[in-house]
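Residue numbers are given in our numbering: position 268 of the sequence shown equals residue 323, and the series is strictly consecutive.
Beta carbons: idealized from backbone N, C-alpha and C, even for Gly.
These numbers were taken from a predicted model, which means no experiment stands behind them.
Data first, discussion second: the structure below is written as structure tokens.
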Amino acid sequence: MVHNLRHTVRRGQSFYYNRRVPRGLEKAFGCNLVRLNLGRDPEKATQTSEALTVKLNQLWAAQQVMPVDLQQILSNLSPEAFDLVSCLEAYLEVRDICERPVRLAVGALINVAGNKDIADYTRSEARELVHLLREKGNKSATVRRRIQSLHAVFEFGFHELETEKRNPFARLMIPQEGKDAIKRGVFSEDQLSELYASAMASGKDTRLILPVLGETGARLAEIVGLRWEDVCFEKKLVHIVPHEARRLKTKNSERGVPLIGYALEAMRVLYEMRREEKFVFPRWHKLGGFVATHASNTLNKYLVSRYADLTCHCFRHTMRDRLRNVGAPLELIDNIGGWSTVGGVGTRYGRGFNLERKREYLEQVKICRMTHIEE
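Written out as structure tokens, the structure reads:
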């Protein structure tokens, strides 16, 4: 603690470094007392005081002692300031992740406490952010994601500054967490069969994407961002990989997924419609990337009109249930959907399940073609 440090005292709200110059060196050094304001932050004052002691010992032990600019030395030794926006940009520069959730979290905190040195944010400000997010109607799961994003940014910043300051977002409690969760619905086999048949009959890309989503279990953004070079008709699969126009959510998201049944048929129809394009769904490609949110709004409006509370994301939950019901191994299910596996450290070794094993289980849950189609 600061009050136990040699040469450091507190006057009012500020900490000062007070140290006499060793006898015989006063004239050469240019003064007989070093007195410097270390600021109000106890942790920064501690770091700077310790660094000053080491630096002055070196200067006074030199063969030739001479006057120095003490304020310049203090400036060089003081912990580097790292405001939140700068920390965010540095964090995103080294992390290959989707930027939007992190930027949303940082923006929310700045609205509460402003943009300042990351060391100056407090636990009370973190709690205030939680309160305001909840007041705005955010689900506790959404608030938790914001907190996790901020925790990661602050951990990165403190590590870069080599400070042991406690993260204000560590172990932060959210009142009534999880009690507002709504279990997502799943599609029945009859609903999927009807939906796919109708999509094939429509000939519209905004409908043909539905069987691809439903029969791969992929995320909407992953399918919306497909390029034709990611689709292999010879091997009947799609490669879900990051590229310049679309990142992936996690490392586990990069994978190959077999195209089965309606998914393969829909992709072939799309190829005949869009084979001259670079992207499978060019309508949702804008300058700088894909607008998956626009796609989600369009598709969900259609789905809700037919199936009430079912949306695009329900395809993923449905696929997980379908695979589980035929006894697919949990690790294989995670691999097909690009989920983070919960199987322990051992599941991260090796190459995982091959495409034929995935195809075997996807064939077992394949939705069969309807003979009667209702538009």
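If you drop the 5 nearest sequence neighbours on each side, which residues of the same chain put their C-beta closer than 7 Å to that of residue i?
i, result
"residue 399", "Residue confidence for residue 399 is low, a pLDDT of 48 falling below 50, so the modelled location carries little weight; the figure read from the coordinates is stated next. Correct list: empty, nothing qualifies."
"residue 313", "291, 292, 410, 413, 414, 417"
"residue 69", "92, 94, 95"
"residue 341", "none"
"residue 212", "137, 142, 173"
"residue 388", "375, 378, 379"
"residue 419", "381"
"residue 187", "167"
"residue 401", "Confidence in residue 401 is poor, its pLDDT being 42 and thus under 50, which makes the residue's placement unreliable; the coordinate value appears in the next sentence. Same-chain partners within the cutoff: there are none."
"residue 405", "Here the model assigns residue 405 a pLDDT of 44, short of 50, so the residue's position is not dependable and the matter cannot be decided."
"residue 183", "167"
"residue 196", "236"
"residue 163", "184, 188, 201"
"residue 147", "154, 157"
For residue i, tell me which candidate among the options has the shortest Cα-Cα distance.
i, options, result
"residue 120", "314, 76, 166, 65", "76"
"residue 149", "207, 169, 123", "207"
"residue 353", "278, 345, 261", "261"
"residue 130", "118, 365, 99", "99"
"residue 122", "168, 81, 288", "81"
"residue 272", "179, 356, 372", "372"
"residue 108", "124, 162, 89", "89"
"residue 324", "139, 299, 265", "265"
"residue 220", "154, 176, 295, 79", "176"
"residue 215", "311, 201, 139", "139"
"residue 289", "337, 315, 277", "315"
"residue 280", "328, 254, 338", "338"
"residue 224", "203, 327, 189", "203"
"residue 287", "181, 311, 307, 250", "311"
"residue 298", "344, 270, 162", "344"
"residue 393", "180, 421, 226, 309", "309"
"residue 116", "126, 127, 84, 128", "84"
"residue 178", "67, 263, 151, 226", "226"
"residue 253", "357, 384, 160, 391", "357"
"residue 408", "296, 263, 307", "307"
"residue 125", "159, 151, 118, 86", "86"
Pull the bridge partners of residue i from the DSSP assignment, please.
i, result
"residue 431", "Because residue 431 is not part of the residues shown, which for the chain are 56 to 430, the question remains open."
"residue 287", "292"
"residue 312", "293"
"residue 298", "301"
"residue 282", "334"
"residue 138", "172"
Between which two residues does the beta strand (DSSP E) holding residue i run?
i, result
"residue 72", "69 to 75"
"residue 63", "63 to 66"
"residue 92", "88 to 94"
"residue 294", "292 to 295"
"residue 122", "Counting along the chain, residue 122 falls outside any beta strand (DSSP E), and DSSP gives it neither H nor E."
For the ligand PLP, is there a heavy atom less than 8 Å away from the beta-carbon of residue i?
i, result
"residue 205", "For the ligand PLP, the structure offers nothing, since it holds no ligand at all."
Suppose the cutoff is 8 Å on Cβ atoms and the five residues either side in sequence are ignored; what does the same chain contact list for residue i look like?
i, result
"residue 222", "206, 209, 210, 213"
"residue 199", "229, 232"
"residue 64", "70, 71, 73"
"residue 275", "268, 347, 350, 351, 354, 367, 368"
"residue 218", "98, 102, 134, 174"
"residue 171", "138, 139"
"residue 105", "60"
Could you check where the alpha helix (DSSP H) with residue i kicks off and where it finishes?
i, result
"residue 235", "Neither: residue 235 is in no alpha helix (DSSP H) and is coded neither H nor E."
"residue 266", "260 to 271"
"residue 45", "What is shown of the chain runs 56 to 430, which leaves residue 45 out entirely."
"residue 375", "369 to 380"
"residue 419", "410 to 419"
"residue 246", "244 to 257"
"residue 323", "317 to 329"
"residue 389", "385 to 392"
"residue 424", "No alpha helix (DSSP H) contains residue 424, which DSSP labels as neither H nor E."
"residue 188", "178 to 190"
"residue 84", "81 to 84"
Cutting at 6 Å between CB atoms, please list the residues of its own chain near residue i, excluding the five before and the five after it.
i, result
"residue 33", "Here the chain comprises residues numbered 56 to 430, so residue 33 is not present and cannot be evaluated."
"residue 403", "For residue 403, the predicted model reports a pLDDT of 49, less than 50, meaning its position is unreliable; a value from the coordinates is still stated below. Within the same chain, residue 403 has no close Cβ partners at all."
"residue 194", "235"
"residue 181", "223, 224, 227"
"residue 277", "295"
"residue 423", "none"
* Given 8 Å as the limit, is there contact between the stretch 240 to 248 and the stretch 318 to 330, that is, 3 or more CB pairs closer than that? -> With the cut-off at 8 Å, the stretch 240 to 248 and the stretch 318 to 330 do not touch.
* Asked: Below 8 Å, can you find three or more Cβ-Cβ pairs linking the stretch 106 to 117 to the stretch 137 to 154?
  -> Flag = no, the stretch 106 to 117 and the stretch 137 to 154 do not touch.
* Asked: Is it true that the stretch 225 to 234 meets the stretch 246 to 260, where meeting means three or more beta-carbon pairs spaced less than 8 Å apart?
  -> With a cut-off of 8 Å on Cβ pairs, the stretch 225 to 234 is not in contact with the stretch 246 to 260, counting fewer than three such pairs.
* Asked: Counting pairs of Cβ atoms below 8 Å between the stretch 299 to 309 and the stretch 354 to 374, do you hit three or more?
  -> At 8 Å Cβ cutoff, the stretches do not touch.
* **Cβ pair count under 8 Å reaching 3, the stretch 325 to 332 against the stretch 192 to 208** => By the Cβ test, the stretch 325 to 332 is not in contact with the stretch 192 to 208, since fewer than three Cβ pairs between them sit closer than 8 Å.
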